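One structure is given below, encoded as C-alpha coordinates.
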Amino acid sequence: MIFLAYAREDLEWVTELEQALINRNLPFHRDPPLAVGSPFWREEIRRVLDQTRLMMVVWSDAASSSPWVAHELEGYQGPFVWVPADESPIPAKSDPVLSVSEAADYALRHCEPSGRVSDSRDSGPVGDKVEALRRVEVARQSSHLKQLRPRHPRPPAPPHGSHKLSLADGSTLLRISGNAFVAEQPVTNEQYRTFVAESGWPEPSTWNRVTHRRDRAPVVGITWFEARAYARWYDADLPNETDWRRAASGGHSVREYATASGQLSKDEASFGCSLGLGAPIEVDRNPPNPEGFYAMSGNVWDWCLDAEGPHRVICGGSYADPPRFCRIDARYRNSPLDRDCCVGFRLSLQAAFDRSDFLSKSHGDERHALR
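Residue numbers (numbering that gives the first Met the number 0): 0 to 370.
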(Lines of atoms letter the chains of each structure in order from A and count residues from 1; the text may use other names and numbers.)
(Lines give C-alpha, C1' and ligand atoms only; values in the text may rest on other atoms or scores of the structure.)
Protein backbone atom coordinates (compact mmCIF):
# COMPACT_ATOMS: atom_id res chain seq x y z
CA MET A 1 0.00 0.00 0.00
CA ILE A 2 1.18 3.51 -0.85
CA PHE A 3 0.15 6.34 1.47
CA LEU A 4 -0.29 9.86 0.08
CA ALA A 5 0.43 12.65 2.56
CA TYR A 6 -0.50 16.19 1.55
CA ALA A 7 -2.11 19.48 2.54
CA ARG A 8 -5.54 20.41 1.19
CA GLU A 9 -4.04 23.40 -0.61
CA ASP A 10 -2.09 20.95 -2.84
CA LEU A 11 -5.12 18.98 -4.02
CA GLU A 12 -4.33 19.59 -7.69
CA TRP A 13 -0.90 17.99 -7.30
CA VAL A 14 -2.34 15.05 -5.37
CA THR A 15 -5.01 14.45 -8.00
CA GLU A 16 -2.31 14.25 -10.67
CA LEU A 17 -0.23 11.86 -8.57
CA GLU A 18 -3.27 9.76 -7.79
CA GLN A 19 -4.09 9.40 -11.49
CA ALA A 20 -0.50 8.39 -12.25
CA LEU A 21 -0.76 5.60 -9.63
CA ILE A 22 -4.13 4.45 -11.00
CA ASN A 23 -2.63 4.26 -14.51
CA ARG A 24 0.04 1.94 -13.12
CA ASN A 25 -2.50 -0.16 -11.20
CA LEU A 26 -0.88 0.66 -7.86
CA PRO A 27 -2.85 0.55 -4.57
CA PHE A 28 -2.82 3.73 -2.50
CA HIS A 29 -4.59 5.44 0.35
CA ARG A 30 -5.49 9.04 1.07
CA ASP A 31 -8.18 10.80 3.05
CA PRO A 32 -11.71 9.63 2.21
CA PRO A 33 -14.30 12.14 1.01
CA LEU A 34 -16.34 12.86 4.15
CA ALA A 35 -18.47 15.88 4.94
CA VAL A 36 -17.55 15.40 8.61
CA GLY A 37 -14.52 13.31 9.52
CA SER A 38 -14.04 10.97 12.47
CA PRO A 39 -12.78 12.58 15.71
CA PHE A 40 -10.34 9.68 15.99
CA TRP A 41 -8.97 9.81 12.45
CA ARG A 42 -5.41 9.52 13.76
CA GLU A 43 -6.14 5.97 14.92
CA GLU A 44 -7.43 5.09 11.47
CA ILE A 45 -4.31 6.56 9.88
CA ARG A 46 -2.16 4.59 12.33
CA ARG A 47 -3.81 1.34 11.18
CA VAL A 48 -3.29 2.24 7.52
CA LEU A 49 0.36 3.12 8.12
CA ASP A 50 0.93 -0.34 9.57
CA GLN A 51 0.12 -1.68 6.08
CA THR A 52 2.03 1.00 4.18
CA ARG A 53 5.16 0.14 2.23
CA LEU A 54 5.87 3.59 0.82
CA MET A 55 4.81 7.11 1.79
CA MET A 56 4.59 9.72 -0.95
CA VAL A 57 4.60 13.28 0.38
CA VAL A 58 3.42 16.19 -1.73
CA TRP A 59 5.57 18.82 -0.05
CA SER A 60 4.89 22.53 0.05
CA ASP A 61 4.76 25.48 2.40
CA ALA A 62 1.19 24.47 3.24
CA ALA A 63 2.27 20.89 4.03
CA SER A 64 5.13 22.06 6.24
CA SER A 65 2.62 24.19 8.22
CA SER A 66 0.09 21.40 8.67
CA PRO A 67 -0.02 19.57 12.02
CA TRP A 68 -2.04 16.80 10.38
CA VAL A 69 0.70 16.14 7.79
CA ALA A 70 3.25 16.22 10.63
CA HIS A 71 1.28 13.51 12.47
CA GLU A 72 1.35 11.27 9.38
CA LEU A 73 5.07 11.78 8.77
CA GLU A 74 6.01 11.10 12.39
CA GLY A 75 3.75 8.04 12.57
CA TYR A 76 5.44 6.25 9.66
CA GLN A 77 8.78 4.46 9.92
CA GLY A 78 9.28 3.25 6.34
CA PRO A 79 10.70 4.75 3.12
CA PHE A 80 9.59 8.14 1.75
CA VAL A 81 9.35 9.78 -1.65
CA TRP A 82 8.96 13.57 -1.80
CA VAL A 83 7.09 15.34 -4.59
CA PRO A 84 7.74 19.10 -4.31
CA ALA A 85 4.77 21.36 -5.08
CA ASP A 86 6.79 24.57 -4.52
CA GLU A 87 10.27 25.66 -3.45
CA SER A 88 9.91 24.73 0.24
CA PRO A 89 13.00 22.91 1.56
CA ILE A 90 12.58 19.14 1.80
CA PRO A 91 13.11 18.09 5.46
CA ALA A 92 14.79 14.76 4.62
CA LYS A 93 18.03 14.94 2.63
CA SER A 94 18.53 11.26 1.77
CA ASP A 95 15.07 10.37 0.38
CA PRO A 96 14.24 10.58 -3.36
CA VAL A 97 12.82 13.92 -4.53
CA LEU A 98 10.90 13.25 -7.75
CA SER A 99 8.34 14.67 -10.14
CA VAL A 100 4.84 13.17 -10.25
CA SER A 101 5.60 10.76 -13.11
CA GLU A 102 9.00 9.84 -11.66
CA ALA A 103 7.41 9.15 -8.27
CA ALA A 104 4.80 6.88 -9.84
CA ASP A 105 7.52 4.96 -11.75
CA TYR A 106 9.55 4.66 -8.54
CA ALA A 107 6.51 3.22 -6.78
CA LEU A 108 5.98 0.72 -9.60
CA ARG A 109 9.52 -0.58 -9.07
CA HIS A 110 9.13 -0.89 -5.31
CA CYS A 111 5.47 -1.89 -4.79
CA GLU A 112 3.38 -4.72 -6.15
CA PRO A 113 0.65 -3.72 -8.64
CA SER A 114 -2.85 -4.64 -7.51
CA GLY A 115 -6.17 -5.36 -9.15
CA ARG A 116 -7.76 -2.98 -6.64
CA VAL A 117 -6.89 0.67 -6.19
CA SER A 118 -8.09 2.99 -3.49
CA ASP A 119 -11.26 4.99 -4.06
CA SER A 120 -10.49 7.26 -1.08
CA ARG A 121 -10.53 10.43 -3.14
CA ASP A 122 -11.85 13.90 -2.45
CA SER A 123 -11.42 15.16 -5.99
CA GLY A 124 -13.62 14.58 -9.01
CA PRO A 125 -17.38 13.92 -8.89
CA VAL A 126 -17.36 12.32 -5.41
CA GLY A 127 -15.33 15.14 -3.90
CA ASP A 128 -17.49 17.76 -5.60
CA LYS A 129 -20.59 16.17 -4.11
CA VAL A 130 -19.05 16.17 -0.64
CA GLU A 131 -18.07 19.83 -0.96
CA ALA A 132 -21.64 20.66 -1.98
CA LEU A 133 -22.94 18.80 1.08
CA ARG A 134 -20.51 20.72 3.29
CA ARG A 135 -21.71 24.05 1.90
CA VAL A 136 -25.35 23.14 2.48
CA GLU A 137 -24.65 22.01 6.05
CA VAL A 138 -22.60 25.11 6.84
CA ALA A 139 -25.46 27.31 5.60
CA ARG A 140 -27.97 25.34 7.69
CA GLN A 141 -25.84 25.53 10.84
CA SER A 142 -25.17 29.24 10.32
CA SER A 143 -28.90 29.95 10.04
CA HIS A 144 -29.63 27.92 13.17
CA LEU A 145 -26.91 29.70 15.13
CA LYS A 146 -28.34 33.13 14.25
CA GLN A 147 -31.67 32.11 15.77
CA LEU A 148 -30.19 30.90 19.04
CA ARG A 149 -30.75 33.23 22.01
CA PRO A 150 -28.90 33.21 25.35
CA ARG A 151 -30.46 31.04 28.03
CA HIS A 152 -28.26 32.46 30.77
CA PRO A 153 -27.68 36.22 30.50
CA ARG A 154 -24.23 37.32 31.47
CA PRO A 155 -23.78 38.60 35.05
CA PRO A 156 -24.24 42.28 35.93
CA ALA A 157 -21.62 44.67 34.60
CA PRO A 158 -18.47 44.40 36.71
CA PRO A 159 -17.08 47.52 38.42
CA HIS A 160 -14.83 49.67 36.29
CA GLY A 161 -11.27 48.31 36.33
CA SER A 162 -12.26 44.73 37.23
CA HIS A 163 -9.90 42.06 35.97
CA LYS A 164 -12.08 39.01 36.55
CA LEU A 165 -15.70 37.97 35.99
CA SER A 166 -17.68 34.72 36.10
CA LEU A 167 -20.34 33.27 33.82
CA ALA A 168 -23.30 31.06 34.68
CA ASP A 169 -21.51 27.94 33.42
CA GLY A 170 -18.79 28.41 36.05
CA SER A 171 -16.17 29.78 33.67
CA THR A 172 -13.87 32.47 35.09
CA LEU A 173 -12.78 35.05 32.53
CA LEU A 174 -9.74 37.28 32.93
CA ARG A 175 -9.34 40.71 31.39
CA ILE A 176 -6.67 40.91 28.70
CA SER A 177 -7.12 44.50 27.51
CA GLY A 178 -9.78 47.19 27.44
CA ASN A 179 -13.11 45.43 27.93
CA ALA A 180 -11.97 42.10 26.43
CA PHE A 181 -12.09 39.00 28.66
CA VAL A 182 -10.95 35.44 27.88
CA ALA A 183 -11.67 32.29 29.91
CA GLU A 184 -8.78 31.08 32.02
CA GLN A 185 -9.57 27.44 31.11
CA PRO A 186 -11.12 25.52 28.21
CA VAL A 187 -14.73 24.37 28.61
CA THR A 188 -14.77 20.98 30.37
CA ASN A 189 -16.82 17.86 29.80
CA GLU A 190 -18.63 18.57 33.05
CA GLN A 191 -19.69 22.01 31.85
CA TYR A 192 -20.68 20.74 28.42
CA ARG A 193 -22.76 17.98 30.02
CA THR A 194 -24.89 20.64 31.71
CA PHE A 195 -25.33 22.44 28.39
CA VAL A 196 -26.44 19.23 26.66
CA ALA A 197 -28.98 18.51 29.42
CA GLU A 198 -30.44 22.03 29.21
CA SER A 199 -30.34 22.64 25.46
CA GLY A 200 -30.97 19.23 23.94
CA TRP A 201 -27.87 19.52 21.76
CA PRO A 202 -26.28 16.13 21.01
CA GLU A 203 -23.51 14.62 23.08
CA PRO A 204 -20.12 14.57 21.36
CA SER A 205 -19.23 11.15 20.01
CA THR A 206 -15.92 11.35 21.88
CA TRP A 207 -17.89 10.62 25.07
CA ASN A 208 -18.13 7.01 23.91
CA ARG A 209 -14.64 6.66 25.37
CA VAL A 210 -13.87 6.89 29.05
CA THR A 211 -10.57 8.63 28.28
CA HIS A 212 -12.37 11.50 26.56
CA ARG A 213 -15.25 12.14 28.94
CA ARG A 214 -13.50 12.83 32.25
CA ASP A 215 -15.27 15.68 34.04
CA ARG A 216 -12.35 18.08 34.41
CA ALA A 217 -10.78 17.43 31.00
CA PRO A 218 -11.62 19.72 28.07
CA VAL A 219 -14.57 18.69 25.92
CA VAL A 220 -13.40 17.76 22.40
CA GLY A 221 -15.00 16.45 19.22
CA ILE A 222 -17.04 19.66 19.06
CA THR A 223 -17.70 21.49 15.79
CA TRP A 224 -17.12 25.23 15.55
CA PHE A 225 -20.89 25.70 15.36
CA GLU A 226 -21.45 23.68 18.54
CA ALA A 227 -18.75 25.65 20.33
CA ARG A 228 -20.42 28.90 19.35
CA ALA A 229 -23.85 27.55 20.34
CA TYR A 230 -22.50 26.77 23.80
CA ALA A 231 -20.98 30.24 24.03
CA ARG A 232 -24.21 31.91 22.95
CA TRP A 233 -26.19 29.87 25.51
CA TYR A 234 -24.19 31.69 28.17
CA ASP A 235 -24.24 35.07 26.40
CA ALA A 236 -20.56 34.86 25.41
CA ASP A 237 -18.57 33.96 22.30
CA LEU A 238 -15.30 32.41 21.17
CA PRO A 239 -12.14 34.53 21.36
CA ASN A 240 -10.88 36.07 18.17
CA GLU A 241 -7.33 35.13 17.27
CA THR A 242 -5.88 38.46 18.43
CA ASP A 243 -7.44 38.18 21.89
CA TRP A 244 -6.43 34.51 22.14
CA ARG A 245 -2.78 35.42 21.46
CA ARG A 246 -2.86 38.30 23.91
CA ALA A 247 -4.09 35.92 26.63
CA ALA A 248 -1.41 33.37 25.69
CA SER A 249 1.47 35.83 25.48
CA GLY A 250 0.47 38.46 28.03
CA GLY A 251 1.44 40.97 25.35
CA HIS A 252 5.08 39.80 25.44
CA SER A 253 6.29 39.18 21.90
CA VAL A 254 9.36 37.25 23.07
CA ARG A 255 7.34 34.55 24.85
CA GLU A 256 7.38 31.36 22.76
CA TYR A 257 5.01 29.13 24.72
CA ALA A 258 2.01 29.96 26.93
CA THR A 259 3.40 28.13 29.95
CA ALA A 260 4.49 29.22 33.42
CA SER A 261 8.11 29.55 32.29
CA GLY A 262 7.55 30.43 28.64
CA GLN A 263 9.29 27.16 27.71
CA LEU A 264 7.82 23.75 26.90
CA SER A 265 8.31 20.67 29.07
CA LYS A 266 6.25 17.69 30.19
CA ASP A 267 5.94 19.33 33.62
CA GLU A 268 4.22 22.36 32.10
CA ALA A 269 2.20 21.08 29.13
CA SER A 270 0.66 18.00 27.51
CA PHE A 271 2.09 17.41 24.02
CA GLY A 272 3.97 14.99 21.80
CA CYS A 273 1.88 11.80 22.11
CA SER A 274 2.46 9.18 19.43
CA LEU A 275 0.04 9.01 16.50
CA GLY A 276 -3.41 7.86 17.62
CA LEU A 277 -2.47 7.69 21.31
CA GLY A 278 -3.15 9.92 24.31
CA ALA A 279 -6.15 11.93 25.52
CA PRO A 280 -6.87 15.36 27.00
CA ILE A 281 -5.82 15.83 30.62
CA GLU A 282 -7.53 17.90 33.32
CA VAL A 283 -7.58 21.59 32.41
CA ASP A 284 -5.63 22.65 35.50
CA ARG A 285 -3.21 19.74 35.86
CA ASN A 286 -0.36 21.89 34.54
CA PRO A 287 0.37 25.36 35.93
CA PRO A 288 -1.02 28.43 34.13
CA ASN A 289 0.96 31.05 32.26
CA PRO A 290 1.96 34.17 34.25
CA GLU A 291 -1.37 35.85 33.43
CA GLY A 292 -3.39 32.92 34.85
CA PHE A 293 -4.49 31.14 31.64
CA TYR A 294 -4.33 27.34 31.56
CA ALA A 295 -3.58 24.93 28.70
CA MET A 296 -2.90 27.43 25.94
CA SER A 297 0.12 25.46 24.74
CA GLY A 298 -0.80 21.81 24.25
CA ASN A 299 -3.59 19.63 25.70
CA VAL A 300 -6.23 20.74 23.14
CA TRP A 301 -6.44 23.26 20.32
CA ASP A 302 -8.91 26.13 20.85
CA TRP A 303 -11.48 27.09 18.23
CA CYS A 304 -11.27 30.83 17.45
CA LEU A 305 -13.88 33.12 15.98
CA ASP A 306 -11.84 33.99 12.89
CA ALA A 307 -12.54 32.60 9.43
CA GLU A 308 -9.87 31.63 6.92
CA GLY A 309 -11.73 31.08 3.67
CA PRO A 310 -14.35 28.39 4.39
CA HIS A 311 -12.40 27.24 7.45
CA ARG A 312 -12.08 28.47 11.04
CA VAL A 313 -8.85 29.17 12.91
CA ILE A 314 -7.58 26.95 15.73
CA CYS A 315 -4.71 27.85 18.07
CA GLY A 316 -2.59 26.33 20.81
CA GLY A 317 -1.64 22.80 19.72
CA SER A 318 -2.63 19.63 21.56
CA TYR A 319 -1.48 16.52 23.37
CA ALA A 320 -0.94 14.92 19.93
CA ASP A 321 1.30 17.65 18.51
CA PRO A 322 5.06 18.20 18.46
CA PRO A 323 6.40 21.36 20.15
CA ARG A 324 6.41 23.58 17.05
CA PHE A 325 2.60 23.44 16.84
CA CYS A 326 2.26 24.37 20.53
CA ARG A 327 3.97 27.73 20.09
CA ILE A 328 1.92 30.87 20.71
CA ASP A 329 2.36 31.96 17.09
CA ALA A 330 1.38 28.54 15.66
CA ARG A 331 -2.07 28.28 14.10
CA TYR A 332 -4.07 26.10 11.77
CA ARG A 333 -7.57 25.92 10.36
CA ASN A 334 -10.31 23.30 10.29
CA SER A 335 -13.64 23.04 8.56
CA PRO A 336 -16.29 24.42 10.97
CA LEU A 337 -17.98 21.01 10.63
CA ASP A 338 -14.91 19.06 11.75
CA ARG A 339 -14.96 17.04 14.95
CA ASP A 340 -11.50 16.33 16.28
CA CYS A 341 -10.46 14.61 19.49
CA CYS A 342 -7.71 17.23 19.87
CA VAL A 343 -9.83 20.38 19.42
CA GLY A 344 -11.83 22.10 22.15
CA PHE A 345 -12.71 25.72 22.96
CA ARG A 346 -12.80 28.42 25.61
CA LEU A 347 -15.09 31.43 26.05
CA SER A 348 -14.57 35.14 25.57
CA LEU A 349 -16.65 38.30 25.79
CA GLN A 350 -16.54 42.06 25.59
CA ALA A 351 -17.73 43.38 28.97
CA ALA A 352 -19.67 46.60 29.53
CA PHE A 353 -18.25 48.00 32.77
CA ASP A 354 -20.35 49.61 35.49
CA ARG A 355 -18.76 53.05 35.67
CA SER A 356 -21.01 54.52 38.38
CA ASP A 357 -18.53 53.93 41.19
CA PHE A 358 -15.71 55.27 39.07
CA LEU A 359 -17.72 58.39 38.12
CA SER A 360 -18.86 59.10 41.67
CA LYS A 361 -15.27 58.97 42.88
CA SER A 362 -14.15 61.21 40.02
CA HIS A 363 -16.89 63.77 40.73
CA GLY A 364 -16.04 63.69 44.43
CA ASP A 365 -12.44 64.41 43.63
CA GLU A 366 -13.51 67.30 41.40
CA ARG A 367 -15.76 68.81 44.12
CA HIS A 368 -12.95 68.45 46.66
CA ALA A 369 -10.56 70.24 44.30
CA LEU A 370 -12.97 73.16 43.83
CA ARG A 371 -13.44 73.87 47.55
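Every residue, glycine too, gets a C-beta built ideally from N, C-alpha and C.
All figures in this text were calculated on a predicted structure; none of them were measured in a lab.
Check                                                                                                                                                                                                : Outcome
Considering only the alpha carbon of each residue, which of Ile327, Pro238 and Lys163 lies closest to alanine 306?                                                                                   : Pro238
Is it buried or exposed for glycine 316, if we count other Cβ within 10 angstroms and need 16 for buried?                                                                                            : buried
Which word fits glutamate 17, buried or exposed, when buried means at least 16 other C-beta atoms lie within 10 angstroms of its C-beta?                                                             : buried
Taking the alpha-carbon positions, what's the tyrosine 5 to alanine 278 distance?                                                                                                                    : 25 Å
What does the alpha-carbon distance come out to for the pair isoleucine 221 and aspartate 339?                                                                                                       : 7 Å
Whose CA, out of Leu72, Asp49, Ser142 and Val47, lies closest to the CA of tryptophan 58?                                                                                                            : Leu72
Please say whether asparagine 188 and alanine 167 have beta carbons closer to each other than 8 Å?                                                                                                   : no
Starting from the C-beta of glutamine 50, find all residues in its chain whose C-beta is less than 6 Å away, skip the five residues before and the five after it, and write them out in chain order. : Met0
In three-state DSSP terms, what is arginine 245?                                                                                                                                                     : helix
Got a sec, what are the start and stop residues for the beta strand (DSSP E) histidine 162 sits in?                                                                                                  : Careful: histidine 162 lies outside any beta strand (DSSP E) and carries neither H nor E.
Mind listing, in chain order, the continuous beta strand (DSSP E) runs of no fewer than 3 residues lying wholly within the region 254-331?                                                           : 300-307 and 310-314
So for tryptophan 200, helix, strand or coil by DSSP?                                                                                                                                                : coil
Report the rounded CA-to-CA distance for arginine 213 versus phenylalanine 194, giving the unit in angstroms.                                                                                        : 16 Å
Return helix, strand or coil for histidine 28, following the three-state DSSP convention.                                                                                                            : strand
Sort out for me which residues DSSP pairs leucine 53 with in a bridge.                                                                                                                               : Ile1
Let me know if valine 82 comes out buried or exposed under the rule of 16 or more other beta-carbons within 10 Å of its beta-carbon.                                                                 : buried
The beta strand (DSSP E) with valine 181 in it runs from where to where?                                                                                                                             : 179-182
Under 8 Å Cβ to Cβ from histidine 109, same chain only, skipping five residues before and after it: list those, please.                                                                              : Arg52, Leu53 and Pro78
DSSP three-state call for glutamine 18: helix, strand or coil?                                                                                                                                       : helix
Verify the contact flag: serine 248, CB atom, against every heavy atom of the ligand COA, threshold strictly below 7 Å.                                                                              : The ligand COA is not part of the structure shown, which contains no ligands of any sort.
Going by the beta-carbon positions, is the gap between asparagine 207 and glutamine 349 smaller than 8 Å?                                                                                            : no
Less than 8 Å between the CB atoms is what I'm expecting for alanine 230 and phenylalanine 292, so what's the real figure, rounded?                                                                  : With 8 Å as the limit, alanine 230 and phenylalanine 292 do not qualify as a contact, their Cβ atoms being about 17 Å apart.
From this set, Arg29, Trp67 and Pro66, which residue's C-alpha is nearest methionine 55's C-alpha?                                                                                                   : Arg29
Just tell me which of Ser273, Pro321, Trp12 and Asp236 has its CA closest to the CA of alanine 103.                                                                                                  : Trp12
CA-CA distance, valine 96 and valine 80?                                                                                                                                                             : 6 Å
Using three-state DSSP, classify isoleucine 221 as helix, strand or coil.                                                                                                                            : coil
If you compare alpha carbons, which of Arg192, Ser142, Ala268 and Ile175 is closest to serine 347?                                                                                                   : Ile175
Could you tell me the distance, in whole angstroms, from the CA atom of glutamate 86 to the CA atom of tyrosine 105?                                                                                 : 22 Å
Could you spell out where the beta strand (DSSP E) holding arginine 174 opens and where it closes?                                                                                                   : 171-176
Kindly list the residues whose CB is nearer than 6 Å to the CB of phenylalanine 324, restricted to its own chain and excluding five residues on each side of it in sequence; keep chain order.       : Pro66 and Gly316
Where do the N-terminal and C-terminal ends of the alpha helix (DSSP H) with valine 186 fall, by residue?                                                                                            : Run containing valine 186: none; DSSP gives neither H nor E here.
In whole angstroms, give me the CA-to-CA distance for glycine 271 and alanine 319.                                                                                                                   : 5 Å
Going by the DSSP bridge assignment, what does valine 342 pair with across the sheet?                                                                                                                : Trp300
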